[in-house]
Structure formats: structure tokens, C-alpha cells
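If you want our numbering, it's the 1-based position in the first sequence plus 305.
Don't be surprised by glycine CBs; every beta carbon is placed ideally from N, CA and C.
The structure appears right after this line, and notes come after that.
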Amino acid sequence: MANMETVQSNFIKQIINEHNASGRYGGRVHTRFPPEPNGYLHIGHAKSICLNFGIAEEYGGKCNLRFDDTNPVKENVEYVDSIKEDIRWLGFDWEDREFYASDYFETLYEYAVKLIRDGKAYVCELTGEEIRAYRGTLTETGRNSPYRDRSVEENFDLFQRMRAGDYPDGSRTLRAKIDMASPNLNMRDPIMYRILRAHHHRTGDAWCIYPTYDWAHGQSDSIEGITHSICTLEFEDHRPLYDWYVTQLEIHHPRQIEFARLNITCTVMSKRKLLRLVQEGIVDGWDDPRMPTISGLRRRGYTPGSLRDFSDRVGVAKKESTIDMALLEHCIREDLNAHALRVMAVLDPLKVVITNYPASEIEEMEAVNNPEDATAGSRAVPFSRELYIEREDFMEDPPKKFFRLAPGREVRLRYAYIIRCEEVIKDAEGNIVELHCTYDSETRSGLPQANRKVKGTLHWVSAPHAVDAEVRLYEQLFDREHPETTDEEGQDFLANLNPASLQIVQAKVEPSLASAMAGTHFQFERKGYFTVDSRYGKKGAPVFNRTVTLRDTWAKIHKGQKTTP
RNA sequence: UGGGGCGUCGCCAAGUGGUAAGGCAUCGGCCUUUGGAGCCGACAUUCGCAGGUUCGAAUCCUGCCGCCCCAGCCA
């Protein structure tokens with residue numbers, strides 16, 4: 306029994322099971338992930354990738370990678386490269402099945418000729434505006450184009466000349482002859498080809514006519530022998546057209562299945578909105594650690610495993626939903642708790658002098674690298690007379706349940722000694738600048754007296770040994786669960802940006818961190834999970850990104866104390 | 001007011017006529033040299049609403065209500 310986990314059922318698997326039972330595809334399951342290379346992949350795509358590759362694997366089938374590159378004005382190779390990198394990083398392999406809709410341009414052209422020969426497609430000379438007017442509205446039927454009844458020969462000739470470049474951009478289209486009175490607007494003689502002189506990232510200038518999504522997608526699926534073409538809900542209305550094309554062409558007929566796209570609280574997921582964040586300089590780029598892009602999450606410190614786990618947990622259904630960001634955070638905490646090495650880092654340093662500790666003495670304290678993993682071993686951390694502790698771990702006048710340092714109180718320094726706060730040193734303005742403490746030499750970690758009960762344990766860094774490091778503290782990009790909701794007329798999602806989404810601090814970290822490699826994951830004890838940034842920082846002076854905080858019970862208590870008088 | 005979808009706990013989500021899984025969140029308690037982790041427990045007499053069929057309905061029927069998508073030569 307390799308897998309004790311209950312594999313979640315969903316409606317897509319049910320459809321596949323029915324097909325397998327009826328023999329519709331001979332028991333074959335072949336899916337595809339079809340990104341348009343016009344932007345970076347985000348976590349919603351990750352869900353789709355996990356779904357498509359996951360289903361293929363579960364049923365012993367295959368999943369293709371196919372770039373849906375039918376609109377050269379928006380697409381480019383930078384996006385192709387980033388997409389491939391992200392899918393690989395997530396842990397999926399399309400082997401030799403890397404395809405492009407543009408691979409099929411010639412076949413698509415031949416298919417179009419067949420429809421023309423069959424009297425099922427025609428060249429239309431209506432302008433864009435006219436086409437819209439002829440299409441009718443949601444409640445009124447459309448009218449037939451005056452070019453609808455041209456002869457097969459004339460259509461064929463015109464279409465050839467469209468391809469040859471005899472006509473200016475936008476002057477003609479090839480349309481499927483279906484039904485201008487259909488209640489489904491997609492069936493009102495949809496456009497198959499438009500004339501567009503744009504350089505394509507793969508086919509160059511070979512074509513001046515490009516197929517539309519509807520015309521290219523289903524036929525591409527068919528050519529590749531796809532059995533289950535999984536897409537998002539908004540394409541449900543397109544399914545009759547998808548079916549119409551493959552039926553008229555009498556070619557392999559995949560089944561299109563639609564599911565609800567992923568939404569997550571406190572972020573946005575549309576490529577258009579993400580592009581705006583990038584272009585308006587609100588974030589650092591597509592891979593800004595606050596972005597829900599795969600590259601952003603990677604830089605933030607998310608792991609492939611945590612994203613796959615998240616994808617499994619969110620489920621697959623047709624109900625539009627918004628997953629609580631807390632679930633994503635739970636997934637990364639669970640992964641990092643098991644794997645991240647523990648270290649000590651003080652983000653907001655407050656100097657502590659142990660007045661009864663010898664000035665020249667330095668001790669090496671043994672610290673466990675990961676209590677969840679015995680094989681992770683331990684390391685030595687230097688301890689000396691002058692230390693840094695977290696400023697928030699001291700309060701002059703502590704409230705109830707504050708288990709940390711305060712005047713006259715004792716606290717344990719993790720892996721070291723129990724200390725007592727004897728004196729608070731302030732500057733002229735009354736700011737606390739230093740604490741004078743005494744230590745109990747009998748309480749060194751490992752000694753019998755170390756087992757004495759004390760209320761709290763603090764992390765610390767030896768001042769003379771500390772390494773300076775920039776630490777980037779990230780929070781949600783938006784401070785509203787649903788960023789699209791605005792208070793005032795005329796506002797958009799940018800009105801809900803969280804001004805505190807990035808806070809940069811200068812921290813004091815333990816010496817072992819000076820040589821930390823980019824992409825390594827750490828837990829800064831009592832603070833959260835951090836990773837070494839891949840862009841900023843240099844040798845000996847790493848920059849850390851906060852992936853996620855640790856669950857913080859005290860913060861909850863404290864918050865409750867403040868709001869309840 | 002045309003067509004296509006969707007409505008099960010705060011957020012997701014199983015369930016497909018036999019009497020409401022699970023996860024996240026939340027709230028208690030235990031444990032703890034991370035207020036972390038872990039462990040134990042609590043958490044929908046009810047499935048948008050109203051009728052009907054049935055011994056029995058979240059599941060079947062009828063009628064309402066609410067939300068989303070579609071009028072790009074974008075995908």
C-alpha cells in the first residue's frame with residue numbers, strides 16, 4: 306500500500322470513469338496543458354498543471370504541453386521560456402511532447418479549405434463594426450452577412466488570396482457558416498481567420514492570416530489525440546462550437562470539460578491585473594515575492610511540494626470559489642516545518658549585556674538544526690557577554706500572559722542560559738537602548754539546573770559574532786479579502802493595496818548564515834520561514850525573504866487584549 | 001427580458017434515494033528549552049427557498065430566489 310491517502314474524487318474523474326466504462330476512448334486518457342505565452346504562469350495555472358498532469362498520471366496516460374500561440378501580437382519567447390521553467394520546477398515532465406498551435410497552421414488551413422468545399426465556411430468582408438452589428442444582441446437574433454452565400458469557388462479563391470496577402474489587415478475574415486439566430490452567440494457564424502501582419506515568434510512572417518482560439522484549439526486537441534480537454538468555466542459556452550468543428554471535419558473528437566478557476570483571498574489572479582502591477586511598478590516584476598505567480602512564489606520561498614499539496618487540497622469543481630490564503634500558508638508551513646533548518650536571527654535588535662559574564666569569554670552552544678528531523682544534526686552557536694534579543698521580547702510594563710523578559714523577570718535563552726533582567730538603560734528621549742542582565746551559570750543548556758521552569762524562551766544572537774543581513778518582511782499584497790471590492794465609485798483593485806506589503810529591516814543573524822545559498826529555506830526560530838533571495842544580496846551578505854510567519858498564538862492573545870478592555 | 005452554468009458549516013469540498021466524509025479556519029485542553037511542531041476534544045438534526053413524490057430526499061419532480069459567464073477579427 307504505497308498511498309494510504311484517500312484520493313479525492315471529482316466530477317472530471319467521474320466523466321473519465323464513465324468514458325472508460327463505455328469505451329469511448331478505448332480506455333485511453335490523454336490531457337494537455339495549453340498556456341498562451343503572453344504572461345507568466347500563476348498559481349491558478351499551477352492548479353491546472355497539477356490537474357492535467359495528475360489525471361494523466363493517475364490513469365496511466367500522458368499530458369502534452371501545448372503553447373496556444375495564435376495571437377502573435379501578444380506572445381513572445383520570454384514567456385515561453387518562463388512557462389517551461391515553471392512547469393519543470395513544479396515537478397512535471399512533458400517529455401518530447403512540447404507542441405505549439407502554430408505547428409498546426411498548415412493543417413488548420415487545410416481543414417478550413419475542407420469546410421469551404423463543404424459549403425460550411427465563407428469569406429466575409431464586413432468590417433469589425435458591421436460584424437458586431439450583424440451579430441445581434443443577447444436577446445435579439447443576428448442577421449446573415451451579405452457575403453454569406455458566395456459560391457464555394459469564390460470563397461476558395463478569396464481565402465487563398467487572404468493567405469497570399471492580397472488584402473489589408475482586418476479587411477476580411479473567414480467565418481463558419483452556422484446559425485445567426487442561435488441563442489449562443491458563439492454559434493453566430495464565428496470567425497475562424499483574421500488578416501494580421503504581425504511577426505510570430507515561431508512562424509516568423511510566413512503567415513498573414515491567423516486562426517482564432519475557437520478554430521485552433523479543438524482541432525489542435527484533435528490532432529494530438531487528446532481525450533479530455535480541460536479548461537475553465539468561461540469556455541462552457543464555446544463547447545457547442547468546439548463540438549461543431551470536429552464533427553463537421555469528421556476528426557477525432559475530444560471531450561471538453563470545464564472547471565472553476567482558482568481564486569485566493571487577498572490577491573488577484575487575472576493576467577491583465579498582474580500585468581498592471583508589473584507595468585505600473587507597484588511590484589518588482591513578475592517574480593516579485595508578493596506576486597501569486599509561480600516565479601514569485603518560488604522567490605518568496607514556496608516549494609514545489611507545497612504548491613502541489615495545495616492544488617490537491619483546493620479541489621476541482623464547477624462552483625466559483627475563493628480559497629482562503631490561510632490554506633496556502635498552511636501548506637508551506639507544513640512542508641517547511643519538516644524540512645527547513647532552524648537558525649537564530651534577530652529582526653529588531655535590542656542589546657543585552659550579561660553583566661556577570663566574563664568579558665573575554667566565548668562559549669559554543671550546541672543548537673539542534675531541526676527537531677522534526679534527527680538526521681539534520683546540530684551546530685555550534687557562539688555565546689558571549691553581549692547579545693541581541695528581539696525588541697518585542699522585552700516590555701517594561703508587561704500585560705498579563707506576557708511570558709518574556711521584563712524588569713526583574715527571568716527568561717531562558719534558547720540553547721544557553723537563564724538570565725534575569727536587572728536594569729533598563731535609556732537614552733535622553735527615554736528610549737530603551739540596552740538591557741543589563743545577569744545569568745545563572747548553573748543553567749547552561751544540558752546541565753541539571755537548566756530544567757528549571759521559566760516562563761519563556763527567547764532567541765538571541767551574540768553581538769560580536771552577529772552578521773548583518775537585510776530581511777524583507779512580506780505580507781499580503783492587498784489588505785482586503787476580495788481586492789475587486791471597492792468603497793468608492795471609480796476606484797479599482799489598486800485602491801486596496803496593502804501599504805505594508807513589504808517592510809525591509811536590517812537584522813542580526815547567526816554567523817552560519819553568512820554563506821547561505823540562494824533558495825535555501827530556513828526557519829528563523831520563533832519568527833517564521835525565510836529563504837535567501839535569488840536576486841539581491843551578495844557573497845557574505847545575504848538578503849532574506851520572509852516566506853510566511855510561524856503561527857503566532859501570542860499575537861492572537863495580544864490582539865484580544867487590546868480590543869477587549 | 002436570450003443562452004449557458006452554479007448554490008452542502010466562516011472558506012473549500014465529498015455525497016448521485018437509506019438517514020451529512022475530510023481539509024483549512026475557529027474555540028477549548030494536554031505537551032513543549034520555538035507562545036512553533038505534536039496530541040486530544042468541540043464545531044451543519046441539516047444541504048438557497050417553497051411545495052410535491054416516497055416507508056425514507058442534499059440526492060427525484062414543480063415553482064421561485066440569488067450569484068457567475070457570453071454581444072473581441074483576445075484566450
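ASN376 sits in coil when the DSSP states are folded into three classes, being neither helix nor strand. Annotation: GLN796 to CYS429 spans about 41 Å, alpha carbon to alpha carbon.
The C-alpha of LEU580 is placed about 16 Å away from the C-alpha of VAL385. According to the DSSP assignment, GLY349 belongs to no beta strand (DSSP E) but to the alpha helix (DSSP H) extending over 348-363.
Counting C-beta atoms within 10 angstroms of its own C-beta, PHE410 has 16 or more neighbours from the protein chains shown and is therefore classed as buried. Taking MET574 as reference, the option from ALA351, GLY424 and LEU370 with the minimal CA-CA separation is ALA351.
Measuring C-alpha to C-alpha distances from LEU807 to each of VAL729, VAL588, SER600 and HIS764 identifies VAL588 as the nearest. Taking a contact as a CB-CB distance under 8 Å, the pair GLU668 and PHE688 counts as one, their CB atoms being some 5 Å apart. Assignment of beta strand (DSSP E) within the region 713-782, counting only whole runs of 3 or more residues, yields 715-718, 723-731, 737-745, 765-767 and 772-779 in chain order. In its chain, beyond the 5 residues on either side, no residue has a beta carbon closer than 6 Å to the beta carbon of THR790. Judged by pairs of C-beta atoms under 8 Å, the region 777-787 does not touch the region 758-768, as fewer than three such pairs exist. Taking each of ILE628, TYR515 and LYS576 in turn and checking the Cα distance to ILE569, the smallest one comes out for ILE628. The residue among THR432, LYS623, LEU632 and GLU459 with its C-alpha nearest the C-alpha of ASP617 is LEU632.
By the 16-neighbour rule on beta-carbons within 10 angstroms, GLY470 is exposed.
Shown here for ALA622: same chain residues with a beta carbon closer than 8 Å to its own, the five before and five after excluded, namely ASN315, PHE316, PHE564 and ALA565 in chain order.
The beta-carbon separation of PRO451 and ILE388, rounded to 43 Å, does not stay under the 8 Å limit for a contact. For PHE410, the enclosing alpha helix (DSSP H) covers residues 410-422. Sorting GLU529, SER456 and CYS726 by C-alpha distance to the C-alpha of LYS482 places SER456 at the top. Counted as a single uninterrupted DSSP element, the stretch harbouring LYS389 is not any beta strand (DSSP E) but the alpha helix (DSSP H) occupying residues 382-395.
The way I'd put it, the region 765-773 does touch the region 678-695; three or more beta-carbon pairs between them come closer than 8 Å.
Spatial neighbours of ASP640 in its own chain (CB-CB distance under 6 Å, excluding positions within 5 residues in sequence) are listed in chain order as THR608, GLY610 and SER611.
By the C-beta criterion, the region 369-385 is judged not to be in contact with the region 458-472, since fewer than 3 inter-stretch pairs fall below 8 Å.
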